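S.K.:
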Amino acid sequence: MRHTVCAAIGARQLVAFSYEGFDRIVEPHLCGRNTAGHDALLAWFVRGHSESASRPGWRTYLLAEMSASRVLDERFRSARPGYDPPDGSMRLVYCRLPAANF
Numbered sequence: 000m001r002h003t004v005c006a007a008i009g010a011r012q013l014v015a016f017s018y019e020g021f022d023r024i025v026e027p028h029l030c031g032r033n034t035a036g037h038d039a040l041l042a043w044f045v046r047g048h049s050e051s052a053s054r055p056g057w058r059t060y061l062l063a064e065m066s067a068s069r070v071l072d073e074r075f076r077s078a079r080p081g082y083d084p085p086d087g088s089m090r091l092v093y094c095r096l097p098a099a100n101f
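So that you can map any letter, position 28 of the sequence shown is 27 in numbering that gives the first Met the number 0, and since no number is skipped, the others follow by simple counting.
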């Protein structure tokens with residue numbers, strides 16, 4: 000899963016997956032091991048559903064909880080506002096979108 004997510008980050012491709020029983024589509028920005036020791040994805044929620052909110056915004060997802068994941072052909076252009084690559088919630092970063100927009 001980590002390698003798939005990192006490939007999507009490198010290519011700036013959206014990722015679709017099921018999480019807590021809901022389908023999500025996100026712009027992946029950073030994948031790493033969080034401070035609790037779990038592999039996680041920091042992403043901008045684009046569309047889909049969740050119990051907490053269905054508005055676009057930042058979310059963190061545990062890779063072990065993601066299922067039916069697939070990389071979409073749809074791409075995004077740049078990092079979203081508020082993106083902080085040295086994200087303090089990750090103790091180890093596997094891959095990340097650069098902060099500077101190309």
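C-beta atoms are modelled at their ideal positions from N, C-alpha and C, and glycine is treated no differently.
For clarity, every value in this text was computed on a predicted model and none was experimentally measured.
So for Ala-7, helix, strand or coil by DSSP?
M.R.: helix
S.K.: Note the first and the last residue of the continuous beta strand (DSSP E) segment covering Tyr-60.
M.R.: 56-61
S.K.: Between His-2 and the ligand ZN, is the CB less than 7 Å from at least one heavy atom?
M.R.: By its list of ligands, the structure shown contains no ligand whatsoever, and the ligand ZN lies outside what it can speak to.
S.K.: Tell me the DSSP bridge mates of Ala-15?
M.R.: In DSSP, Ala-15 forms a bridge with Ile-24 and Arg-69.
S.K.: On the DSSP bridge list, what partners appear for Val-92?
M.R.: Gly-31
S.K.: Where do the N-terminal and C-terminal ends of the beta strand (DSSP E) with Ala-38 fall, by residue?
M.R.: Note that residue 38 is Asp in the sequence shown here, rather than Ala. Where Asp-38 is concerned, the enclosing beta strand (DSSP E) stretches over 38-47.
S.K.: Please state whether DSSP places Arg-74 in a helix, a strand or coil.
M.R.: Residue state for Arg-74 is assigned as strand, using DSSP reduced to three classes.
S.K.: Looking at C-alpha atoms only, which residue of Gly-20, Arg-69 and Gly-36 is the closest neighbour of Met-89?
M.R.: Gly-36
S.K.: What's the C-alpha gap between Thr-34 and Gly-20?
M.R.: Answer to the nearest angstrom: the Cα atoms are 25 Å apart.
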